[in-house]
Amino acid sequence: MKTKIAFGLLMGLLLLPTMLFADIVYQGKRVQEWPEEARPSFNNQSAGKPSFLLARTPVTQNKSHYAAPKGKIYSLTLLVDFSDQKAPVSVADVEEWLNKEGFNRDGCNGSVRDYYLDVSNGQLDLTNEVFGWYRAKHPKSWYESLPGYTGSDSLMKEVFAYFDPMVDFSRYDNDKNGTTEAINIVYAGPGQTWGQGLWPHSGWSNERRDGVRLTHHQMTDMPGKFSIYVFVHESGHMIFGWPDLYWYGDYCTMGNRAHDLNPVAINDFYRADQGWIPFVDVTSNDVSLETTKPGEVCYRYKNPARPDKEGLVWSYVQNKGRNQVLKGSGLLMQHYDFSIEGNTASNKLGLKIVRANHTEPSLNGDKDQWPNPGSTADAFFKSGTYPEFSDETYPAITWYSGAKTGLKITDIGTPGETLTFCIGGNCPEPESSSSTGVVSSSSSVPVVSSSSSAPKPESSSSAIEIKIEKIAFEVTLPIDNNYAYVTLDLKGDDVAKILGIKKSEIADKVKFYGIEPDGTLNSSTTGEGTGHWFDKDGKIVAWDPNGTSIVYSNVDLTTMTTKIGHMPNKVKSGDSFVVRQAVVYESKQVTFEITVTIPQKTTRISSIRSSKRGKPGNMIFNALGKPVGKRTESGELPDLPKGAYVEIAK
277 MKTKIAFGLL
287 MGLLLLPTML
297 FADIVYQGKR
307 VQEWPEEARP
317 SFNNQSAGKP
327 SFLLARTPVT
337 QNKSHYAAPK
347 GKIYSLTLLV
357 DFSDQKAPVS
367 VADVEEWLNK
377 EGFNRDGCNG
387 SVRDYYLDVS
397 NGQLDLTNEV
407 FGWYRAKHPK
417 SWYESLPGYT
427 GSDSLMKEVF
437 AYFDPMVDFS
447 RYDNDKNGTT
457 EAINIVYAGP
467 GQTWGQGLWP
477 HSGWSNERRD
487 GVRLTHHQMT
497 DMPGKFSIYV
507 FVHESGHMIF
517 GWPDLYWYGD
527 YCTMGNRAHD
537 LNPVAINDFY
547 RADQGWIPFV
557 DVTSNDVSLE
567 TTKPGEVCYR
577 YKNPARPDKE
587 GLVWSYVQNK
597 GRNQVLKGSG
607 LLMQHYDFSI
617 EGNTASNKLG
627 LKIVRANHTE
637 PSLNGDKDQW
647 PNPGSTADAF
657 FKSGTYPEFS
667 DETYPAITWY
677 SGAKTGLKIT
687 DIGTPGETLT
697 FCIGGNCPEP
707 ESSSSTGVVS
717 SSSSVPVVSS
727 SSSAPKPESS
737 SSAIEIKIEK
747 IAFEVTLPID
757 NNYAYVTLDL
767 KGDDVAKILG
777 IKKSEIADKV
787 KFYGIEPDGT
797 LNSSTTGEGT
807 GHWFDKDGKI
817 VAWDPNGTSI
827 VYSNVDLTTM
837 TTKIGHMPNK
847 VKSGDSFVVR
857 QAVVYESKQV
867 TFEITVTIPQ
877 KTTRISSIRS
887 SKRGKPGNMI
897 FNALGKPVGK
907 RTESGELPDL
917 PKGAYVEIAK
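Here's what the structure looks like:
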């Protein structure tokens, strides 16, 4: 469906090209949302995630509507400049812009990677590997002058062909389904004309290289000064499949371009769909007094007649941090309908803001498509101005069928560290400890003897003699600034024998701990899943790029392996650390003592062709930190596929 745009508005906007939306381009045509056959997907990572019911009934499972990757996602960035527009920054500068924690050049609030770590609560680590610069065959003006997006298609094919000998494209098929998920082309100079030439966009190709299809990609301009909005926004299209949110406002980075240097967070509805925060499901029969923190949960009320398609969602949004540019705080409500293809028409939107002040910007037609409606304090529900929502107080807010919603929210409080509100009306008085609407759970800590030979747990109610066996490991960890890890086999067969259970039973039966330097068992996990971050002394700490966290060990009890890595820019050649973790079953404990050594010298190999000769015996690791061979007696590299590697001096 083509969007109609008033001619006068269009001409005015074209005078300010850097402020316009970027596009999704499929088979040469602009679309507001990927068609079904082209939607991004991660086929082994979008499994159902729990949502929590206020009635505390058994948890329901919800499959993500959009692609939902988790963990470390490798993304490829290819740099290109032109005879009439030379590269304004170095490859190292671009690597920092995309990956460095705390990146602040030109006022940026972190790197692109920082942004997605923030909005995903640390669950998505988007790591870009950068190659370039390549000098294009034609001047930039040549590509920009071609009709539609034919110029960008021409440049895309040219860039893919040039980098093919040095890049293993299959590395960027993160879920191994035969298609890549994240390939970026960053070109020197600014975008020129909306909807033409090299204007930033997320695109589609039929290229096939290294056994995979290079379907989704995106183009971002590099004018010379750094900003992160465009790259973040286009990654949203390319990786997750999120649409452009026209007629929506500043309340999401997929909406307006509210701030280039500190883009607004992804809206809480999309975040909950990803599993980055939980859904809290509400029904018309619920009565509950709720207390919630900003961005903590997303409440969802499904249309009973179309529960899989339509609903209302709301969460506490505060104008701080990533949402600092917003003009207000409070409960922000949204109306979604997955049967509508994106935000393609003003009178029917796939996702829209339900404004507390009763206005509907979308009903004003094309004049409020962009850059209006921006944001307003009157969009938020809060005490004193708009303290409730119901069919009686908001008769214009209905399901798209015209039926009443049946939702009632009252007694909405004043925005602060938390915000309270009542679902269903007639809520009880708040107790000393208020509910957040999220089901909490706790697990008992195994009881360990207080004798000097056994570590002490964080708490215990009785003394039980524990028999402890220690397994020691040594691992060499190459220096890497992208959290690359080395996988260590934890000897699951030996562990199972010591504990007196089957290896296949370990994940279900044992209790897992980190061990503090004084021997105390710590049941909290600070890494990914069953894992921990440690400081230089082996103390368990939270992940903090600016803090004391240095080394991580993320254990997978199902495979009895652990991934060992380090915080970027926190280690140097010759460093050594000792970290300890443990599994406990009944009265038996196995302690894993892992000595992590940073080798004396590492060298990055970005081109196998130019690094053929070196010191005999040097070890070669792939970009994941896994050993893949060593140099021969004559100093030649082993037979390696295309890709990036790390060489460790012997």
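All residue numbers for the sequence shown refer to the working numbering, where the first residue is 277 and numbers rise by one.
All residues carry an ideal CB built from backbone N, CA and C; glycine is no exception.
Every value quoted in this text rests on a predicted model; they were computed, and no experiment measured them.
- CA-CA distance, VAL751 to VAL872, rounds to 5 angstroms.
- SER564: member of the beta strand (DSSP E) spanning 564-568, first to last residue.
- It is roughly 10 angstroms from the alpha-carbon of ASN450 to the alpha-carbon of LYS346.
- Annotation for ILE673: no beta strand (DSSP E) segment contains it, and DSSP assigns it neither H nor E.
- No Cβ-Cβ contact shorter than 7 angstroms links CYS574 with PHE614.
- Contact between MET432 and SER481 holds: CB atoms are separated by about 6 angstroms, below the 8 angstroms threshold.
- Inter-segment contact for the stretch 440-448 and the stretch 360-370 is absent: fewer than three beta-carbon pairs are separated by less than 8 angstroms.
- Counting along the chain, ILE791 sits inside the beta strand (DSSP E) bounded by residues 787-791.
- Only residues of its own chain outside the window of five on either side were considered, and among them LEU588, VAL589, TRP590, ILE629, VAL630, ALA632, PHE657, PHE665 have a CB closer than 8 angstroms to the CB of MET609, listed in chain order.
- The alpha-carbon of ARG907 is positioned some 8 angstroms away from that of ARG889.
- Every unbroken stretch of the alpha helix (DSSP H) spanning 4 or more residues and falling wholly within the stretch 515-577 is given here in chain order: 544-550.
- In this chain, the alpha helix (DSSP H) harbouring ASP390 covers 388-395.
- Per the C-alpha coordinates, the member of ASP440, ASP357, THR837 positioned closest to TYR410 is ASP357.
- With respect to ILE881, GLU923 sits close: the two C-beta atoms are nearer than 7 angstroms.
- Rounded to whole angstroms, the Cβ separation of PHE810 and VAL827 is 5 angstroms, and the two are in contact under 8 angstroms.
- Assignment of beta-bridge partners to VAL593 by DSSP yields GLY606.
- Residue range 426-439 is occupied by the alpha helix (DSSP H) that includes LEU431.
- Residue state for ASN599 is assigned as helix, using DSSP reduced to three classes.
- When C-alpha distances from LEU683 are compared across LYS779, ASN579, PRO423, PRO663, the shortest belongs to ASN579.
- In the three-state DSSP reduction, TRP409 falls in the strand class (E or B).
- At a cut-off of 4 residues, the continuous stretches assigned as alpha helix (DSSP H) that sit fully inside the stretch 756-840 are 768-775, 782-785.
- For GLN865, the beta-bridge partners assigned by DSSP are ILE744, VAL860.
- In the pairwise beta carbon analysis, the stretch 516-532 is classified as touching the stretch 615-626: at least three pairs are separated by under 8 angstroms.
- Counting only residues of its own chain and dropping the five nearest sequence neighbours on each side, VAL847 has a CB closer than 7 angstroms to the CB of ILE755, ILE826, ILE874.
- Here ARG856 is buried: its Cβ has 16 or more other Cβ atoms, across all protein chains shown, within 10 Å.
- The residue among LEU775, SER564, GLU912 with its C-alpha nearest the C-alpha of VAL860 is LEU775.
- With a 10 Å radius around the Cβ and a threshold of 16 neighbouring Cβ atoms, SER849 comes out exposed.
- Excluding five sequence positions before and after THR801, the CB atoms of its chain that fall closer than 7 angstroms to its own CB belong to GLY807, HIS808, given in chain order.
- Counting every other CB atom within 10 Å of its CB across the protein chains shown gives LYS680 a total below 16, marking it as exposed.
- Within the model, the alpha-carbon separation for GLN865 versus THR835 is close to 18 angstroms.
- By alpha-carbon distance to ASP667, the top candidate from GLY500, THR568, VAL395, HIS634 is HIS634.
- If you draw a straight line from the Cα of PRO671 to the Cα of ASP687, it comes to about 19 angstroms.
- Residue pairing of PHE665 in beta bridges, as defined by DSSP: ILE685.
- Here DSSP, grouped into helix, strand and coil, assigns ALA632 to coil.
- Between MET498 and ALA464, the C-beta gap is smaller than 7 angstroms, which places the two residues in contact.
- Within a 10 Å sphere around the beta-carbon of ARG576 sit 16 or more other beta-carbons, which makes this residue buried.
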